[in-house]
Amino acid sequence: MQKMMIILLLLSIICVTILFLKKQSTGKKISTPRSPPTFPVIGNLHQLGRYPHRSLCSLSHRYGPRMLLHFGRVPVLVVSSADAAQDVLKTHDRIFASRRSKIFRKLHYDGHDVGLAPYGEYWRQMKSVCVLHLLSNKMVRSFLDVRKEEIRIVMENIRKSNSSRINLSKLLASLTNDVICRVAFGKKYGGDTDFMELIERFEKLLGSFSIGTYVPWLAWLDWISGLDAEVEKTKNDFDEFLERVVQDHVDGGGDKNDFVHVLLAIQKEKSIGFEIDRISIKAIIMNIFVGGTDTSFTVMEWAMTELLHHPECLNILQEEVRGIFKGKSNVSEEEIQDMKYLKAVIKETMRLHPPLPLLVPHESTHDVQLRDYYIPTGTQVMINVWAIGREAATWGPDAELFRPERHLDTSIDFRGQDFHLIPFGAGRRICPAISFATVLIELVLANLVHQFDWRSTDDDQTDVPEAIGIGIRRMLPLYAIASSTT
């Protein structure tokens, strides 16, 4: 009996101790990043505003570079400094390497692509296909003739304008579309009005807002508004188009070196250690086409906008290009490597006008301690590269100004190693098409300033409004006047 009492007493002490420790542990205050006040149900959604990258940048000035918002029931970590971005994209890269997005995933074959697939073995396999077989330096070089031919066509069209007002935005969009189509599909579809209308619908949806993503019990509003129907129709229409393209290659059509042909050959030969199916092929092609077209065009459009608004910078660039290619009618890719000011112009353009100002949102797959803050599993992460590109601590008091010279004496680059400039992202989820996009942007801009003198039209504004969407484009087309130098 006495032994039993001792045992019960010991058990009681142990139980009380466990309960006490549990209470102490649950009673500890978990440190999370600072947050603005929230509204019931919607959280901080009302604070996104017309231009989320600008609104979030303003909020970060008050709540810090690591700011926790709530979009409905979803916790969202907003990162607005280079140091904070490095924590997410390098120090804890693996934990933040996944994705979440209702509309994005629906439009991209439910995550069977590279950009939106959840982090895991499938994503690693698809990324290796892109990096090793589609976007390697060897493959990029193999499409030199495609780039040269399409650029030559555009230069001829500009020359035919006879110094009259031209829609430069339309020309650059057409050029980018034609290059990507030939590389991905084996032929151009720019003359197909149905295809161009489909692209416009697709890109518009990428910038749309789905309340059901953040407040599931309000998902019926997406149905009422017609968003669900439009997503479904656009997804099906794009799939029908890609199915025709793939089947045409199966039947013997298309270029033997385009991306569809390469992927079909991999599928047939089964030479990479794992299999890829038809859906994966279409998803990868969609990724490359949509991402490549939008990024390259946007950078070229903003670069020409800034150069036209800063004629002194345009003159310096023209002197550099014309000095290197004196006596030559066209610019060659081999000698572009010597153009330091051209590269500075492109860096400065992407600093001020990153194509995706908030990148594609990341998602945490585990609980993690981020510096002094606890970040739970399932937190969405938005990297505000637009705000990072304007950090006065990095870029100085003139951070809002277009000044390419700031890049001439620094080693900062945009390939994911310098977190002060990450328009293509960084870490595991960095855009695999950086080299492909960069070589096209460089070659187009160099040819534009080499072959023509440029001036703005009187109606082009210095403070250019931005279009609303996932990317940053001009709201209005860029018109300019070109005078041939030959």
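Under mature numbering (1 follows the signal peptide of the UniProt record, and there is no 0), read the sequence shown as residues -27 to -1, 1 to 459, first letter to last. Just so it is clear, CB atoms sit at the ideal spot from N, CA and C, and this is done for glycine as well.
Notebook entry, point to check: What three-state label does DSSP hand Phe12 in the structure shown?
Noted result: strand
Notebook entry, point to check: Once you ignore the five residues that flank Lys(-25) on each side, which residues in its own chain have a CB closer than 8 angstroms to its CB?
Noted result: At Lys(-25) the pLDDT is 40, less than 50, meaning the model places this residue with poor confidence; the figure from the coordinates comes in the next sentence. The beta carbon of Lys(-25) sits closer than 8 angstroms to no other beta carbon from its chain once the five residues preceding and following it are set aside.
Check: Measuring CA to CA, which of Thr266, Asn140 and Val127 is closest to Glu173?
Finding: Thr266
Notebook entry, point to check: Within 10 angstroms of its Cβ, does Lys316 collect 16 or more other Cβ (buried), or is it exposed?
Noted result: With 16 or more other Cβ atoms within 10 Å, it is buried.
Item checked: For Phe135, the residue or residues it bridges with in DSSP -> Rather than Phe, the amino acid found at residue 135 in this sequence is Asn. Note: Asn135 sits in no beta bridge, so no partner.
Next item on the list: Leaving aside the five residues before and after Glu439 along the sequence, list all residues of the same chain whose C-beta is less than 8 angstroms from its C-beta, in chain order.
Entry: Closer than 8 angstroms at the Cβ level, and outside the excluded window around Glu439, lie Tyr24, Ile445, Arg446, Arg447 and Met448.
Next item on the list: Pull up the CB-CB distance for Ser337 and Phe44, whole angstroms please, since I reckon it's below 8 angstroms.
Entry: Not confirmed; about 15 angstroms, so no contact.
Checklist line | Cα-Cα separation, Arg156 to Val119 | finding: Residue identity differs from the one stated: residue 156 is Val in this sequence, not Arg. Each residue's alpha carbon lies about 8 angstroms from the other.
Next item on the list: Pick out whichever of Asp311, Val294, Ala146 and Lys111 has its Cα sitting closest to the Cα of residue 477.
Entry: No information on residue 477 is available, as it lies outside the stretch -27 to 459 that the chain covers here.
Notebook entry, point to check: Are Leu236 and Ile252 touching if we call contact CB-CB under 8 angstroms?
Noted result: Cβ distance not < 8 angstroms, so Leu236 and Ile252 don't count as in contact.
Check: Is the CB-CB distance between Glu279 and Thr322 below 8 angstroms?
Finding: Yes, the pair counts as a contact, with Cβ atoms nearer than the cut-off.
Margin query: Is the beta carbon of Val49 closer than 8 angstroms to that of Gln342?
Written below: no
Item checked: Ser(-3), buried or exposed, once every other Cβ within 10 Å from all chains shown has been counted against 16 -> With a pLDDT of only 47 at Ser(-3), under 50, the local geometry of the prediction cannot be trusted, and no value is derived from it.
Checklist line | Cutoff 8 angstroms; reference Phe340; Cβ partners in own chain excluding five residues on either side | finding: Per the sequence presented here, residue 340 reads as Asp, with Phe not at that position. Correct list, in chain order: Tyr347, Ile348, Pro349 and Thr350.
Next item on the list: Kindly indicate which three-state DSSP category Met146 falls into: helix, strand or coil?
Entry: Correcting the residue type first, residue 146 is Ala in the shown sequence and not Met. Three-state result, Ala146: helix.
Next item on the list: Just tell me which of Asp56, Ser8 and His65 has its CA closest to the CA of His335.
Entry: His65
Checklist line | Beta-carbon contacts of Glu216 that lie in its chain and below 6 angstroms, excluding the five residues immediately before and after | finding: none
Margin query: Under 8 angstroms: do the stretch 352 to 367 and the stretch 12 to 31 share three or more Cβ pairs, one atom per stretch?
Written below: yes
Check: If you draw a straight line from the alpha carbon of Ile297 to that of Lys143, how long is it in whole angstroms?
Finding: 29 angstroms
Item checked: Reference Ile76; option with closest CA among Lys206, Arg35, Ala55 and Cys154 -> Out of Lys206, Arg35, Ala55 and Cys154, Lys206 has the C-alpha closest to the C-alpha of Ile76.
Notebook entry, point to check: What residues in its chain sit with their C-beta under 6 angstroms from that of Asp391, if we drop five residues either side in the sequence?
Noted result: Ile385
Check: Three or more beta-carbon pairs under 8 angstroms between the stretch 100 to 109 and the stretch 279 to 293, yes or no?
Finding: no
Note to self: Taking only three categories from DSSP, how would you classify Pro48?
What the structure shows: Reduced to three states, the DSSP call for Pro48 is strand.
Check: For Thr186, which option in Thr166, Asn230 and Leu18 has the closest C-alpha, if you only look at C-alpha atoms?
Finding: The shortest C-alpha separation from Thr186 is found at Leu18.
Check: Beta-carbon separation of Val412 and Leu148 under 8 angstroms?
Finding: no
Notebook entry, point to check: Which same chain residues, not among the five before or five after Glu306, have their C-beta less than 7 angstroms away from its C-beta?
Noted result: Leu117, Val412 and Leu416
Notebook entry, point to check: Should Ser456 go down as buried or exposed, given a rule of 16 or more other Cβ atoms within 10 Å for buried?
Noted result: exposed
Next item on the list: Give me the Cβ distance between Lys208 and Lys79, rounded to the nearest whole Å; I'm assuming they're in contact under 8 angstroms.
Entry: 6 angstroms
Next item on the list: Answer with buried or exposed for Ser33, where buried requires no fewer than 16 other C-beta atoms within 10 angstroms of its C-beta.
Entry: buried
Check: Is it true that the CB of Ile3 sits closer than 8 angstroms to the CB of Gly180?
Finding: Judged by their CB atoms, Gly180 and Ile3 are not nearer to each other than the 8 angstroms cut-off.
Note to self: Between Glu203 and Leu178, how many whole angstroms is the CB-CB distance? I'm expecting something under 8 angstroms.
What the structure shows: 6 angstroms
Check: Do you know how far the Cα of Val51 is from the Cα of Gly(-1)?
Finding: Caution is warranted here: a pLDDT of 48 is assigned to Gly(-1), below 50, making its placement in the model unreliable, and the coordinate value is therefore given only provisionally. Gly(-1) and Val51: Cα-Cα distance of roughly 27 angstroms.
Note to self: I'd like the list of long-range same chain contacts for Phe168, defined as Cβ closer than 7 angstroms, with 5 residues on each side in sequence excluded.
What the structure shows: Tyr162 and Phe214
Check: If we ignore side chains and look at the alpha-carbon of each, how far apart do Arg344 and Pro396 end up?
Finding: Going by the C-alpha atoms only, they are around 24 angstroms apart.
Item checked: Gln342 - partner residues in DSSP beta bridges -> According to DSSP, residue pairing for Gln342 in a beta bridge involves Tyr347.
Check: Taking DSSP as the reference, what is the three-state secondary structure of Ala406?
Finding: coil
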